[in-house]
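Take 1 as the starting number for the sequence shown in full-length UniProt numbering and just add one per residue. Note that the Cβ used here is the ideal one computed from N, Cα and C, for glycine as well. Values in this document were obtained by computation on a predicted structure and should not be read as measured data.
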Amino acid sequence: MTARPAQPPRPTPLPARRRDAHATRARILEAARRELTRDPGSRLEDIARAAGVARRTVHAHFPGRAALVEGLAAEAAEAVRLAVLGVPAATGDAAADLARLVLAVWPVGDRFRSLVRPVRQGLGADRVDELLAPLRDSVTRVLAEGQRQGTFPTTVPPGPLGRAVEAQLFTLLDCVDRGVWSDDGTGAALAALVAVGVAPDTAAAKVRGPTSCG
Numbered sequence: 001m002t003a004r005p006a007q008p009p010r011p012t013p014l015p016a017r018r019r020d021a022h023a024t025r026a027r028i029l030e031a032a033r034r035e036l037t038r039d040p041g042s043r044l045e046d047i048a049r050a051a052g053v054a055r056r057t058v059h060a061h062f063p064g065r066a067a068l069v070e071g072l073a074a075e076a077a078e079a080v081r082l083a084v085l086g087v088p089a090a091t092g093d094a095a096a097d098l099a100r101l102v103l104a105v106w107p108v109g110d111r112f113r114s115l116v117r118p119v120r121q122g123l124g125a126d127r128v129d130e131l132l133a134p135l136r137d138s139v140t141r142v143l144a145e146g147q148r149q150g151t152f153p154t155t156v157p158p159g160p161l162g163r164a165v166e167a168q169l170f171t172l173l174d175c176v177d178r179g180v181w182s183d184d185g186t187g188a189a190l191a192a193l194v195a196v197g198v199a200p201d202t203a204a205a206k207v208r209g210p211t212s213c214g
């Protein structure tokens, strides 16, 4: 009986290949996040090794370091957006609402703290503005409402005051990144409330409230 000629392997279906490509890209980004958090000077070779892929595979998805950092920034932007969307609607208690916002976004900042120093990682000011826009809008609204309620002083307008809170949070995240502080978000939320004029005892009660409520 004549043997049949060997059949060439069937090509991988396109959807499966796309899934594989997406999975590889996600693995590279996760490795980049870990490595850049561990060492901001990590090279593409280090990231490829941590991801378990060849450097050429990293280059196939990200032509260079800037593209890789932009990939992380895109993930961070989406995580910020989802965190803000997940915050319960305004309760009429601006101090509690601000605490909820900080508690919601702190884990995102902690996860992506390799991007805490944007200049270090090559993100421009415009990209940072885009990344933080949902959070800034929400914080400004809460601060404006708190000033109308008399909860927060009106010495500084809501927009600039929100930027001051943002700068404080970035500084605290940088302290975490440097290993000189650790926090689950409660300390950061307390600091934010005190910074906008809430008495420390009241601020502590507001932070405990949203924490205990989930």
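Local conformation of residue i per DSSP, three classes
i, result
"residue 277", "Nothing can be reported for residue 277, as the shown portion of the chain is limited to 1 through 214."
"F152", "coil"
"V87", "coil"
"G214", "In this prediction, G214 has a pLDDT of 40, which is less than 50 and means its spatial position is unreliable; what the coordinates show is noted afterwards. Three-state result, G214: coil."
"G124", "coil"
"R100", "helix"
"S138", "helix"
"V165", "helix"
"G109", "helix"
"G209", "helix"
"P158", "helix"
"D129", "helix"
"V116", "coil"
"G146", "helix"
Spatially closest choice to residue i from the options, by CA coordinates
i, options, result
"R65", "L82, E45, R163, G52", "E45"
"G179", "V139, R113, L161, D137", "R113"
"A204", "G41, G52, T186", "T186"
"A26", "G41, R38, A51", "A51"
"E35", "T24, R55, A48", "A48"
"residue 216", "A95, T154, E145, D129", "Outside the displayed range of the chain (1 to 214) lies residue 216, so it cannot be described from this structure."
"H22", "V156, R127, H61", "H61"
"L103", "R56, D184, R43, P40", "D184"
"R163", "Q149, A54, A188, L135", "L135"
"I28", "V53, P200, D39", "V53"
Pair within 9 Å by beta-carbon distance, residue i and residue j
i, j, result
"L169", "A133", "no"
"A89", "K206", "no"
"L161", "S138", "no"
"V105", "A83", "yes"
"T140", "G109", "no"
"V69", "L123", "yes"
"V176", "A195", "no"
"E75", "R19", "no"
"T154", "V198", "no"
"R111", "A79", "yes"
"A94", "E30", "no"
"W181", "L190", "no"
"D174", "V116", "yes"
"V142", "D97", "yes"
"T57", "T91", "no"
Along the chain, which unbroken stretches of the beta strand (DSSP E) at least 3 residues long are found entirely within the stretch 2 to 70?
none
3 or more residues per run - each beta strand (DSSP E) lying fully within the stretch 170 to 196:
none
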